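Quick note, the sequence shown lines up with residues 36 to 162 if you use this note's numbering. Beta carbons: idealized from backbone N, C-alpha and C, even for Gly. Just so it is clear, the structure is predicted and the values come from calculations on it, not from any experiment.
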Amino acid sequence: MDRKRSALFVLFNSKGLEMRTPAGIECNYFYGDYYRGRSHEECRLLKENSKNWKPSLCKTCPVPSIMRANSCEFMSMTAIISRSAITLFQPRVQVTSFCQKSQLTVSEPHIGCGECHPNLPKIEVKK
Ligand code: SF4
C-alpha cells in the first residue's frame, strides 16, 4: 500500500469510517495501521473477547453483512471465535446481538428484534 493511501486509511478510521478487511469487505470493526511501514491489523469487535483473531476470519464473518442489512442504533453485537462440527471445526466468528431499546436478545441480527418496525413512517404514493 502506498504512503498516501495508508495515511488516508488512518485518517478515515480515526473519524469512524469503514476500512476494508483483508477479505476486501468494509467493516467498522476492522482496524489497520499501515502508516510509515507499520503493518498492524486487528478486529476491534473480537479484541475485547479474544486475542486469537487472524485476517482469514474476515472471509466468513457475518458482521459486515449484518451491518449492511441492519443499521439499528440500539443493537449491539458480541462476537466469539467458535469451532463447531458444522464448520468441520474450522474457526468462525459467531455473533450474538442484543437490543438496548427492547432489552431482548436479537435472534436474527440481519432483521433486528422487530420492536421499531411498526413505528416506521408510512410511505404515501401520489396518484
Ligand atoms: S472478523 Fe468480522 S468483525 Fe472482525 S474485522 Fe473481520 S469482518 Fe470485521
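| field | Nearest to Leu80 (by Cα), restricted to the options Ser111, Gly147, Ala104 and Arg103 | value | Of the listed residues, the one whose Cα sits closest to Leu80 is Ser111.
Problem - Whole-angstrom distance between Phe109 and His145, CA atom to CA atom - result: Those two C-alpha atoms are separated by around 13 Å.
Sorted by chain position, which residues of the same chain lie with C-beta nearer than 6 Å to Phe133's C-beta, five sequence neighbours on each side aside?
Cβ neighbours of Phe133 within its own chain (closer than 6 Å, five residues either side excluded): Ser111 and Thr140.
Can the beta-carbon of Glu61 be found closer than 8 Å to that of Pro90? No, they are not a contact pair.
Worksheet entry | Ile137 and Glu150 closer than 8 Å at C-beta | Just to set this straight, residue 137 is Ser in the shown sequence, not Ile. Yes, they are a contact pair.
ask   = Can you tell me the Cα-Cα spacing of Phe47 and Tyr66, whole angstroms?
value = Summary for Phe47: the model assigns pLDDT 47, below 50, so the residue's position carries little reliability; its value from the coordinates is reported in the next sentence. The straight-line gap from Cα to Cα measures roughly 11 Å.
Considering only the beta carbon of each residue, do Ile101 and Val128 sit closer than 8 Å? Result no, Cβ atoms of Ile101 and Val128 do not sit closer than 8 Å.
inquiry  = For a quick check, are the C-beta atoms of Glu76 and Pro57 less than 8 Å apart?
reply    = One thing to note: Glu76 has its Cβ within 8 Å of the Cβ of Pro57.
Are there 16 or more other CB atoms within 10 angstroms of the CB of Gly72, so buried, or fewer, so exposed? Exposed is the call here.
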